[in-house]
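Residue numbers (my numbering): 8 to 235. The beta-carbon is built from N, C-alpha and C at its ideal position, and this holds for glycine as well. Predicted, not measured: the structure shown is a model, and the values here were computed from it.
Put into structure tokens, the structure is as follows:
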């Protein structure tokens, strides 16, 4: 029998097919367990062609991370309208984030689980994406503080810390939502909005919680001799 011939198509289209297959395999099986044979079979191409286009398993995984990181970042950015109030911008951004991670669970697994645990090279790619999203949220909070008070009001370090906390909470919640049946992207966004904006909104209004200046006084201890 002769070899099965695949339909000729532009290199860029074929490469995207390979990346689609790789994201699915990496996301479901993990980086170490995934094989180039599986990826090639799912993409409908030969394994040598995968190597020809993407060089190695490491380079293929890196290409997957970069593509999916760019897609997630773009989804969040395009989901936010800068002319809206800060709470609406945050709500729209969260909905865009959770909708994207829900619609692309394999991609989210690659970014949130696989890339972070299989070497500095991969972790650095995800860190770059995360820094971009944190910077975006930092600017949103800073603008909200300025609009609320007519000046930045909140210290730069505090704004950065709030953005880090919010992004970290969104990441954890997305991982939970993707493995919990019945949780929609809108529900996940509302959960985080209720958790975060109640506190953030109060902070922007000047209602700041401050830690106590002194530690609670420890109760006196009584020695056995004293009790006698």
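The stretch 168 to 179 makes no contact with the stretch 77 to 91; the number of CB pairs closer than 8 Å stays below 3. With respect to residue 119, residue 82 sits apart: the two C-beta atoms are not nearer than 8 Å. Fewer than three beta-carbon pairs drawn from the stretch 185 to 198 and the stretch 145 to 156 are found closer than 8 Å, and the two stretches are therefore not classed as touching. If you draw a straight line from the Cα of residue 220 to the Cα of residue 36, it is about 51 Å long. Here the alpha carbon of residue 68 sits roughly 13 Å from the alpha carbon of residue 131.
Here the alpha carbons of residue 146 and residue 80 stand approximately 15 Å from one another.
In this chain, the alpha helix (DSSP H) harbouring residue 58 covers 54 to 61. Nearest C-alpha to residue 113 among 201, 26, 202, 22: 26. Setting aside the 5 residues that flank it on each side, residue 33 is surrounded in the same chain by 41, 68, 71, 117, 121, each with a C-beta closer than 7 Å to its C-beta; the list follows chain order.
Rounded to the nearest angstrom, the Cβ distance from residue 22 to residue 60 is 5 Å, consistent with a contact under 8 Å.
Close CB contacts of residue 93 within its chain, under the 6 Å cut and outside five residues either way in sequence, are with 151 (chain order).
Burial is judged here by how many other beta carbons sit within 10 angstroms of a residue's own beta carbon; residue 105 has at least 16 and is buried.
For the pair residue 177 and residue 43, the Cα-to-Cα distance works out to about 32 Å.
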